[in-house]
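> Can you keep this structure in mind? I'll have questions shortly.
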Amino acid sequence: MKKLLDRVEAVVDDMLDGLAWSFPDYLRRIPQTRVMTRARPKDLGKVGIVSGGGSGHEPAHSGYVGFGMLDAAVAGEVFTSPTPDQILEGIRVADRGAGVLLIIKNYTGDVMNFEIAKDMASAEGILTEAVIVNDDVAVEDSLFTTGRRGIAGTILVHKIAGALAEDGCDLTTVSRGANTAIQNLRSMGFALAPCTPPAAGQPSFTLAENEMEMGIGIHGEPGTRRQPVQPARDLADYVLSRIVEDLQLKAGDSVACLINGMGATPLMELAILAKDVSMWLQNANIPCNFALMGEYMTSLEMAGASVTLLRLRDDLERWLKAPCDTPAMRQGVMHER
Amino acid sequence: MKKLLDRVEAVVDDMLDGLAWSFPDYLRRIPQTRVMTRARPKDLGKVGIVSGGGSGHEPAHSGYVGFGMLDAAVAGEVFTSPTPDQILEGIRVADRGAGVLLIIKNYTGDVMNFEIAKDMASAEGILTEAVIVNDDVAVEDSLFTTGRRGIAGTILVHKIAGALAEDGCDLTTVSRGANTAIQNLRSMGFALAPCTPPAAGQPSFTLAENEMEMGIGIHGEPGTRRQPVQPARDLADYVLSRIVEDLQLKAGDSVACLINGMGATPLMELAILAKDVSMWLQNANIPCNFALMGEYMTSLEMAGASVTLLRLRDDLERWLKAPCDTPAMRQGVMHER
Amino acid sequence: MNAEQFMRWWICFGQEVHAHLDDLNELDRAIGDGDHGTNMDRGLSKVRELWSLPKTPVENLLELSKTTGMTLLSTVGGASGALWGSAMVQASQKLPVQGTCTTETQIAWLDAIVASMENRGKARIGDKTMIDVLRVGVDILIKGDPPSFSERLNTVASSAREWSEATRSLIAKRGRAAYLGERSQGHVDPGSFSAALWWECLNRAMGE
Amino acid sequence: MNAEQFMRWWICFGQEVHAHLDDLNELDRAIGDGDHGTNMDRGLSKVRELWSLPKTPVENLLELSKTTGMTLLSTVGGASGALWGSAMVQASQKLPVQGTCTTETQIAWLDAIVASMENRGKARIGDKTMIDVLRVGVDILIKGDPPSFSERLNTVASSAREWSEATRSLIAKRGRAAYLGERSQGHVDPGSFSAALWWECLNRAMGE
Ligand SMILES: Nc1ncnc2c1ncn2[C@@H]1O[C@H](COP(=O)(O)OP(=O)(O)O)[C@@H](O)[C@H]1O
Ligand SMILES: Nc1ncnc2c1ncn2[C@@H]1O[C@H](COP(=O)(O)OP(=O)(O)O)[C@@H](O)[C@H]1O
Ligand SMILES: [Mg+2]
Ligand SMILES: [Mg+2]
Ligand SMILES: [Mg+2]
Ligand SMILES: [Mg+2]
Numbered sequence: 001m002k003k004l005l006d007r008v009e010a011v012v013d014d015m016l017d018g019l020a021w022s023f024p025d026y027l028r029r030i031p032q033t034r035v036m037t038r039a040r041p042k043d044l045g046k047v048g049i050v051s052g053g054g055s056g057h058e059p060a061h062s063g064y065v066g067f068g069m070l071d072a073a074v075a076g077e078v079f080t081s082p083t084p085d086q087i088l089e090g091i092r093v094a095d096r097g098a099g100v101l102l103i104i105k106n107y108t109g110d111v112m113n114f115e116i117a118k119d120m121a122s123a124e125g126i127l128t129e130a131v132i133v134n135d136d137v138a139v140e141d142s143l144f145t146t147g148r149r150g151i152a153g154t155i156l157v158h159k160i161a162g163a164l165a166e167d168g169c170d171l172t173t174v175s176r177g178a179n180t181a182i183q184n185l186r187s188m189g190f191a192l193a194p195c196t197p198p199a200a201g202q203p204s205f206t207l208a209e210n211e212m213e214m215g216i217g218i219h220g221e222p223g224t225r226r227q228p229v230q231p232a233r234d235l236a237d238y239v240l241s242r243i244v245e246d247l248q249l250k251a252g253d254s255v256a257c258l259i260n261g262m263g264a265t266p267l268m269e270l271a272i273l274a275k276d277v278s279m280w281l282q283n284a285n286i287p288c289n290f291a292l293m294g295e296y297m298t299s300l301e302m303a304g305a306s307v308t309l310l311r312l313r314d315d316l317e318r319w320l321k322a323p324c325d326t327p328a329m330r331q332g333v334m335h336e337r
Numbered sequence: 001m002k003k004l005l006d007r008v009e010a011v012v013d014d015m016l017d018g019l020a021w022s023f024p025d026y027l028r029r030i031p032q033t034r035v036m037t038r039a040r041p042k043d044l045g046k047v048g049i050v051s052g053g054g055s056g057h058e059p060a061h062s063g064y065v066g067f068g069m070l071d072a073a074v075a076g077e078v079f080t081s082p083t084p085d086q087i088l089e090g091i092r093v094a095d096r097g098a099g100v101l102l103i104i105k106n107y108t109g110d111v112m113n114f115e116i117a118k119d120m121a122s123a124e125g126i127l128t129e130a131v132i133v134n135d136d137v138a139v140e141d142s143l144f145t146t147g148r149r150g151i152a153g154t155i156l157v158h159k160i161a162g163a164l165a166e167d168g169c170d171l172t173t174v175s176r177g178a179n180t181a182i183q184n185l186r187s188m189g190f191a192l193a194p195c196t197p198p199a200a201g202q203p204s205f206t207l208a209e210n211e212m213e214m215g216i217g218i219h220g221e222p223g224t225r226r227q228p229v230q231p232a233r234d235l236a237d238y239v240l241s242r243i244v245e246d247l248q249l250k251a252g253d254s255v256a257c258l259i260n261g262m263g264a265t266p267l268m269e270l271a272i273l274a275k276d277v278s279m280w281l282q283n284a285n286i287p288c289n290f291a292l293m294g295e296y297m298t299s300l301e302m303a304g305a306s307v308t309l310l311r312l313r314d315d316l317e318r319w320l321k322a323p324c325d326t327p328a329m330r331q332g333v334m335h336e337r
Numbered sequence: 001m002n003a004e005q006f007m008r009w010w011i012c013f014g015q016e017v018h019a020h021l022d023d024l025n026e027l028d029r030a031i032g033d034g035d036h037g038t039n040m041d042r043g044l045s046k047v048r049e050l051w052s053l054p055k056t057p058v059e060n061l062l063e064l065s066k067t068t069g070m071t072l073l074s075t076v077g078g079a080s081g082a083l084w085g086s087a088m089v090q091a092s093q094k095l096p097v098q099g100t101c102t103t104e105t106q107i108a109w110l111d112a113i114v115a116s117m118e119n120r121g122k123a124r125i126g127d128k129t130m131i132d133v134l135r136v137g138v139d140i141l142i143k144g145d146p147p148s149f150s151e152r153l154n155t156v157a158s159s160a161r162e163w164s165e166a167t168r169s170l171i172a173k174r175g176r177a178a179y180l181g182e183r184s185q186g187h188v189d190p191g192s193f194s195a196a197l198w199w200e201c202l203n204r205a206m207g208e
Numbered sequence: 001m002n003a004e005q006f007m008r009w010w011i012c013f014g015q016e017v018h019a020h021l022d023d024l025n026e027l028d029r030a031i032g033d034g035d036h037g038t039n040m041d042r043g044l045s046k047v048r049e050l051w052s053l054p055k056t057p058v059e060n061l062l063e064l065s066k067t068t069g070m071t072l073l074s075t076v077g078g079a080s081g082a083l084w085g086s087a088m089v090q091a092s093q094k095l096p097v098q099g100t101c102t103t104e105t106q107i108a109w110l111d112a113i114v115a116s117m118e119n120r121g122k123a124r125i126g127d128k129t130m131i132d133v134l135r136v137g138v139d140i141l142i143k144g145d146p147p148s149f150s151e152r153l154n155t156v157a158s159s160a161r162e163w164s165e166a167t168r169s170l171i172a173k174r175g176r177a178a179y180l181g182e183r184s185q186g187h188v189d190p191g192s193f194s195a196a197l198w199w200e201c202l203n204r205a206m207g208e
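Chains S, V, B and L, in that order, give the protein sequences.
Just so we're aligned, residue 1 is where the first sequence starts under this note's numbering, counting upward by one.
Just so we're aligned, residue 1 is where the second sequence starts under this note's numbering, counting upward by one.
Just so we're aligned, residue 1 is where the third sequence starts under this note's numbering, counting upward by one.
Just so we're aligned, residue 1 is where the fourth sequence starts under this note's numbering, counting upward by one.
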């Protein structure tokens, strides 16, 4: 394993310190914790937003701490959900008197640890709501199993919930908005090469030169199917077909689109995928009113990408386009002329 | 070679289309060219800024086209400098009546192609100046050879020149500011794993499991020395020592710092390197007043990083911190409270 | 069960998990995310550290179960951390604050641990999780046949690895492996394997 | 030299570069960025395309040299594109707009090509660039010994690969390889090798 690090057992702590140093205008690390919070706390009386999960998905989640998105991000060990005590710290700091929304990705570990923390917060008298993101169409949705995973689409939920909270909406409204986003959100990803979690020291799976994994999650695990490598255009076609079918999108429906790199795939290749996605959507007569392309939710140095569509309604589009100012996502009317 | 692409011979064209689609508020591709220009052109009467180089360094350079940075970016084939006719197109579109500054990285090919384009522009009556960035301390500076390479520090030159131009300074002033930045700018990089240019189809060099290359450029070429892999702390120590010595930085001098990923290195590792850099600077009593950490100038999917320091003076710091709004770099007083 | 047995049991569990660190990670790599051994090991070594402090209330079983749970809860992370941690905290209420506990109490407490996991994780036998080893074991202890607790416990401990092995043919319904659907077949569930180690250590600790 | 010879020469050059595409890239990978073959091949195949158009002014040597240069300039990129392209454009002024050119003119033109490269690239013999093959060759043609041009050209063509090979022991002073310092030793300069192919093709075209 070749990695740029100092102590394998301290990667998360070292990383959090490095992030806080790199983004002093945005981030503070709460001492003795793995909670990153806003350098300038949100106004009192506004709903706080907390997210988090295993580390290794950077810039998720601390990259989204800031105006218009999260108030606190809680980091677990690499690919391991954070523990309830840490999540509770995040909830405490995010609470500005109007309650806190937890944005959870649908993994058993994340869901359970956040739920335990939520119970603890309630016991302390902090109002909390939780939404569970499950955008991954690679996995069948079912009440009798764990259901679908939460992957890169989570970023758009952060954005939408954050905009509502910054707007001064109450907890129920923020939570309802986040759930509306989740209902209209679908993603799917694939990997050309695995990643190596530092503690494990070896790749999470191995692929031959002409093989890839379709339907991966974000924890370095293998996907739902192994297949020969295909041109970007065919991959775009496959994942978009799956997403559009699952969302029952019709010609004329407009969407937001997130093209997300898994870590090692260069921006050049993501841009080529973006081109293919744009042409596919154009052929399907599905206008894209909001696009993001880059590394938003990674799996360490996995090579690959995911595509997310969010079916837009006027309100969702407005919240998506609202200003935000975080380490990894900044938008606004700043320099419009 | 496993890559997310469609046609090897069209990677640059496909990428540029994908970038234009992904950043419609920022970028336009000039039809039939490889020039990306601002969606909202700069005010008339302000100096235009043009940069460019081989492709494969994304987000450089089209990621810096926008308010406060570049007016046009010219893309060559992967790792190959653009041709003069394309650069001329960029100069033409960037000219808002006050002349154009060319920001060139010091590679023979880039320098010569930009110079030829500059001659052509002059022949058309467009006022141009050129500055040559040569921040790489891995290579000895010498009048009798090519001198030092230009690498990631180039981004800070874009930023500073862009701020001056946006401020309404004339071409001489903008050019002088860029040169001041260059004189105070040093960088050094290293690779843990090579990259594979699409047309070549094979890695630019090979490394054993415990080997790395110190002193790399940004074109996938080997560095100045092969060595065993070291902890991030030791790498930070080595490159900072070299930079600080070359810049003759003294305790109390303040700097800006750019920690740049080469492509495949995850943000987690860059953040760990940032932590080590921050501690080194603190020990050396060199305050860092402006930090950037992320992927700013890459080498496709090379694994590795570079560190850049810019010795600050009041004016350089002010220009660095001035607002900008581009696909890859956005900052401002937008949401300060 | 007395406090010393409790501690010997969990120390043994920690040692066994540590000895099988790579095996557990390897099992998790096949159908999960490769960290089950690392997760459990991180938490269990913290539990041991706790007891090497001078001021441990060694005679308080309730407190032992609760602090074990709290420690796991705040150090393991992941699915296993939430399940083991909160179960040990919740079930601790069944244990006495002083002295040993009876076999009946111990069984009720073990049942409460597993019930808490079932409650939180929604897994049932056959879902290819640690429940496949824990619930089956507790049910044997509850059933009272053979009448000797130590004999039943012997049976559980000596069968636990088989139950774990039996998860191989199942399709996962809960936890991370569920995302693999049919691809999860042919691999043993990592949590069921660590659960087997837990039974083995309990048996060993109670026999000493 | 007549127009047909000019075109045969450059078509040959394109074919040879294409045949040695991987070799040239391989040489460039060792001490550069691995694209010299791809760069030259991209440009030279465009040059050939140009001449397959019906309306080429085949009888105008000046125009041939200039459009060859313009095409290389706008398609090759990199150091070699700037050097070959601008040299061919600049030197074209030495050639007549009609008919063949004399040996003296041809030599003056070849000298102008290399001088233009030296001017733009600042490389001298021994800097481990294509100048090591181009300047040495032109100087032999200029010197007039032996008196027969075709004999001198023969010498140049048959020695060119040796001159290229001789760059192996040098430390690069110009171009990308210069960044490697002493590590550039032990490798042949790619541009010197393509330059050797250029001399060989000129000799072949003039002999036909
Ligand atoms: N819902 C659940 N109910 C019971 N056990 C579960 C559940 N989800 C996961 N597990 C157990 O947890 C184990 C995985 O633990 P671990 O790898 O530490 O956590 P994670 O899956 O979060 O990485 C699985 O092998 C399984 O036995
Ligand atoms: N300053 C220079 N003068 C003459 N020849 C040069 C100079 N710089 C580079 N070259 C030649 O160009 C060749 C490299 O060309 P190429 O690989 O196509 O361009 P790049 O170096 O931009 O990738 C070198 O092998 C060398 O012969
Ligand atoms: Mg995990
Ligand atoms: Mg090149
Ligand atoms: Mg796991
Ligand atoms: Mg080259």
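Note that CB positions come from ideal geometry on N, CA and C, so glycine has one too.
The structure displayed is predicted, hence computed values, not measured ones.
Compare the C-beta of residue 8 of chain L against all C-beta atoms of chain V and say whether one is closer than 7 Å.
Position 8 of the fourth sequence, counted from the start, is the residue given in the question as residue 8 of chain L. It does not; no Cβ of chain V falls within 7 Å.
> Since residue 135 of chain B is in the alpha helix (DSSP H), which residue starts that stretch and which ends it?
As a working mapping, residue 135 of chain B is identified with position 135 in the third sequence. 131-143 is the span of the alpha helix (DSSP H), which, as asked, contains residue 135 of chain B.
> What runs of the beta strand (DSSP E), each 3 residues or longer, lie entirely inside the stretch 206-247 of chain V?
Taking only runs of at least 3 residues, the beta strand (DSSP E) segments lying wholly in the stretch 206-247 of chain V are 211-214 and 225-228.
> Who pairs with residue 303 of chain S in a beta bridge, going by DSSP?
Reading the first sequence from its first residue, position 303 is the one you call residue 303 of chain S. In DSSP, residue 303 of chain S forms a bridge with S:193.
> Who sits around ligand 5, taking every residue whose Cβ is closer than 5 Å to one of its heavy atoms?
Here the residues come out as B:28, B:32, B:33, B:35 and B:36.
> Evaluate residue 305 of chain V with the Cβ neighbour count: other Cβ atoms within 10 Å of its Cβ, from every protein chain shown; 16 or more gives buried, anything less gives exposed.
The sequence position of residue 305 of chain V within the second sequence is 305, counting from 1. Looking at its Cβ environment, which holds 16 or more other Cβ atoms inside 10 Å, residue 305 of chain V is buried.
> What does the alpha-carbon distance come out to for the pair residue 46 of chain B and residue 24 of chain V?
Here residue 46 of chain B is taken as the residue at index 46 of the third sequence, counted from 1. Here residue 24 of chain V is taken as the residue at index 24 of the second sequence, counted from 1. The alpha-carbon atoms of residue 46 of chain B and residue 24 of chain V are separated by roughly 52 Å.
> Strictly under 7 Å for the Cβ-Cβ distance: is residue 91 of chain V near chain L by that measure?
As a first step, residue 91 of chain V is located in the second sequence; it is residue number 91 there, counting from the start. No, residue 91 of chain V lies away from the interface with chain L (no Cβ there is under 7 Å from its Cβ).
> Suppose you measure from the CA of residue 61 of chain V to the CA of residue 332 of chain V; what does that come to, to the nearest Å?
In the second sequence, counting from the first residue as 1, residue 61 of chain V sits at position 61. In the second sequence, counting from the first residue as 1, residue 332 of chain V sits at position 332. Taking the straight line joining both Cα atoms gives about 20 Å.
> To which residues does DSSP link residue 6 of chain S through a beta bridge?
Translated into positions along the first sequence, residue 6 of chain S becomes position 6. For residue 6 of chain S, which the question treats as bridged, DSSP gives no partner whatsoever.
> Strictly under 7 Å for the Cβ-Cβ distance: is residue 188 of chain V near chain L by that measure?
As a working mapping, residue 188 of chain V is identified with position 188 in the second sequence. Output row for residue 188 of chain V: interface = no.
> With H, G and I counted as helix, E and B as strand and the rest as coil, what does DSSP make of residue 149 of chain V?
Taking the second sequence and counting its residues from 1, one reaches residue 149 of chain V at position 149. DSSP places residue 149 of chain V in coil when its eight states are reduced to three.
> Can you have a look at residue 13 of chain L and say buried or exposed, based on whether 16 or more other CB atoms are within 10 angstroms of its CB?
Start at 1 with the first residue of the fourth sequence, and residue 13 of chain L comes out as number 13. Counting Cβ neighbours within 10 Å, residue 13 of chain L comes out buried, since at least 16 surround it.
> Hey, would you say the C-beta of residue 79 of chain S is under 6 Å away from at least one heavy atom of ligand 3?
Position 79 of the first sequence, counting from 1, holds the residue named residue 79 of chain S. Yes, Cβ of residue 79 of chain S sits closer than 6 Å to a heavy atom of ligand 3.
> Just to confirm the assignment, what range does the beta strand (DSSP E) spanning residue 128 of chain B have?
In the third sequence, residue 128 of chain B corresponds to position 128, counting from 1. From DSSP, residue 128 of chain B is part of no beta strand (DSSP E); its letter is neither H nor E.
> With a threshold of 6 Å (Cβ to nearest heavy atom), would residue 80 of chain L be considered close to ligand 2?
Residue mapping note: residue 80 of chain L aligns to position 80 of the fourth sequence, counting from 1. Flag set: Cβ of residue 80 of chain L near ligand 2.
> Which one of V:73, V:244, V:8 and V:51 has the shortest CA to CA distance from residue 105 of chain V?
The sequence position of residue 105 of chain V within the second sequence is 105, counting from 1. Selected option, being the one with the closest Cα: V:51.
> Using a 10 Å radius around the Cβ and a threshold of 16 neighbouring Cβ atoms, would you call residue 71 of chain L buried or exposed?
For the purposes of this step, residue 71 of chain L is taken as the residue at position 71 of the fourth sequence. Answer is buried; the Cβ neighbour count reaches 16.
> Looking only at its own chain, which residues have a Cβ that is under 7 Å from the Cβ of residue 120 of chain V, when we skip the five neighbours before and after it?
Numbered from 1 along the second sequence, position 120 holds the residue referred to as residue 120 of chain V. Result list for residue 120 of chain V: 84 and 88, in chain order.
> Starting from residue 293 of chain S, trace the beta strand (DSSP E) both ways and give me its first and last residue.
Position 293 of the first sequence, counting from 1, holds the residue named residue 293 of chain S. Its beta strand (DSSP E) spans residues 288-294.
> Output yes if chain L places a C-beta closer than 7 Å to the C-beta of residue 109 of chain V; else output no.
To locate residue 109 of chain V, count along the second sequence from 1; it is residue 109. For residue 109 of chain V, the answer is yes, since a Cβ of chain L falls inside 7 Å of its Cβ.
> Could you tell me whether the Cβ atoms of residue 137 of chain V and residue 243 of chain V are closer together than 7 Å?
In the second sequence, the residue the question calls residue 137 of chain V occupies position 137. In the second sequence, the residue the question calls residue 243 of chain V occupies position 243. Yes. Within cutoff.
> Flag residue 271 of chain S as yes if its beta-carbon sits less than 7 Å from any beta-carbon of chain V, otherwise no.
To locate residue 271 of chain S, count along the first sequence from 1; it is residue 271. Closer than 7 Å to some Cβ of chain V, the Cβ of residue 271 of chain S qualifies, so yes.
> Which two residues bound the contiguous beta strand (DSSP E) that contains residue 38 of chain L?
Residue mapping note: residue 38 of chain L aligns to position 38 of the fourth sequence, counting from 1. From DSSP, residue 38 of chain L is part of no beta strand (DSSP E) but of the alpha helix (DSSP H) over 36-51.
> For residue 155 of chain S and residue 296 of chain S, what's the separation of their Cα atoms in angstroms?
Looking up residue 155 of chain S in the first sequence gives position 155. Looking up residue 296 of chain S in the first sequence gives position 296. One C-alpha to the other measures close to 7 Å.
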